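Undergrad:
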Amino acid sequence: MKYMNKFFIVSVSVALLLSACGTNEDSAQSKSNDQTENVQKDMVSKSDQTSGAEKEETKKDADSSEASTKPSGNQLATSGTAEDEQSTSSQETKLTKSPEQDYSIQVMDGYKLTGEEPGKDALVLTLDDSQFMRIEMLSSETSMDDAAQSVKQTATAVNKNAAEKKNLEEDGIFKDSVWYEANSGDHTVNAVLVKGKKPMKLTIFTKNNKENLDKFMQMAKTIQ
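Pasting the structure below:
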């Protein structure tokens, strides 16, 4: 009987021990699982943080790059000012009095006014003296019909097929003027009779382009 009691006690003790071990293992396993889950969550969280940081850093880099390549307000202002100064410089003129006749004219940089002969001046392109404008002031007693015939003869002497230009400007010194154009080789001659308060005869010799012709005409408009 005592033997059976001892055996029962031992069996219960073993059962309790095994039960305790199982509980500890389950608890350990549960803790292990919880730790694994927490680590995974931390990794995901850190990954999100890293991704967000990388995106923020990338945005900062992009903003910095854009700021470095985009000109500042001062740079834009400086560029605009430089262009304005260059444009103004290219149009600078100097009021010049005729050495032979009673008038003054605004002469652009790169041109010079010289006395050609009594009663005639030449406004010359300094880099190429084959391009110039002869200026001949006419007296108030000059017949405009005779003067018109004179400019036609000047043009036809260069080219018998000289063409009369029509549809001239509505206002300004070239209004109602008589204008002939003649081509000869690589040069063009424009013979113009300007009527009005200061009648004059202009004979313009240029290369076959309008660049210098336009400038000669602009300067002619300043004659006073």
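Going by the numbering used here, the sequence shown opens with residue 1276, and the numbers climb by one from there.
Glycine included, every Cβ here is placed at the ideal spot set by N, Cα and C.
Bear in mind that the values here come from a model prediction, so they are computed numbers and not experimental data.
Could you say which of 1483, 1466 and 1408 lies nearest to residue 1440 if we only look at CA atoms?
TA: 1466
Undergrad: Using only CA atoms, which one of 1437, 1498 and 1434 lies nearest to residue 1475?
TA: 1498
Undergrad: Is residue 1449 helix, strand or coil by DSSP?
TA: coil
Undergrad: What three-state label does DSSP hand residue 1411 in the structure shown?
TA: strand
Undergrad: CB residue 1370 to CB residue 1386, shorter than 8 angstroms?
TA: Not a contact, by the Cβ cut-off of 8 angstroms.
Undergrad: Please report how far the alpha carbon of residue 1488 lies from the alpha carbon of residue 1427, in whole angstroms.
TA: Distance between the alpha carbons of residue 1488 and residue 1427 is about 18 angstroms.
Undergrad: Determine which residues share a DSSP beta bridge with residue 1463 and list them.
TA: Residue pairing for residue 1463: DSSP places it in a beta bridge opposite 1458 and 1481.
Undergrad: Which first and last residues belong to the beta strand (DSSP E) in which residue 1397 is found?
TA: 1395-1400
Undergrad: Would you list the one or two residues that DSSP bridges to residue 1439?
TA: 1455
Undergrad: What is the DSSP secondary structure of residue 1371, counted as helix, strand or coil?
TA: strand
Undergrad: In chain order, what residues of the same chain lie with their CB nearer than 6 angstroms to the CB of residue 1449, ignoring the 5 residues before and after it?
TA: Excluding sequence neighbours, residue 1449 sits near 1443.
Undergrad: Between which residues of its own chain and residue 1307 is the CB-CB distance below 8 angstroms, once the five residues before and five after are set aside?
TA: Any reading at residue 1307 must be qualified, since the residue scores a pLDDT of 41, below 50, and its modelled position is unreliable; no value is offered.
Undergrad: Within 10 Å of its beta-carbon, does residue 1323 have 16 or more other beta-carbons around it, so buried, or fewer, so exposed?
TA: Because residue 1323 carries a pLDDT of 45, less than 50, the predicted location of this residue cannot be relied on, and the following value inherits that uncertainty. Under this definition residue 1323 is an exposed residue.
Undergrad: Hey, quick one: how far does the alpha helix (DSSP H) through residue 1406 stretch, first residue to last?
TA: No alpha helix (DSSP H) holds residue 1406; DSSP gives it neither H nor E.
Undergrad: Thinking C-alpha only, which one of 1409, 1483 and 1459 is nearest residue 1431?
TA: 1459
Undergrad: Does the Cβ-Cβ distance between residue 1400 and residue 1407 come in under 8 angstroms?
TA: Yes; because the gap between Cβ atoms is below 8 angstroms, this pair is in contact.
Undergrad: What does residue 1262 pair with, by DSSP beta-bridge criteria?
TA: No answer is possible for residue 1262: the residues shown for the chain start at 1276 and end at 1499.
Undergrad: With a threshold of 16 other CB atoms inside 10 Å of the CB of residue 1419, please say whether the residue is buried or exposed.
TA: Exposed is the call here.
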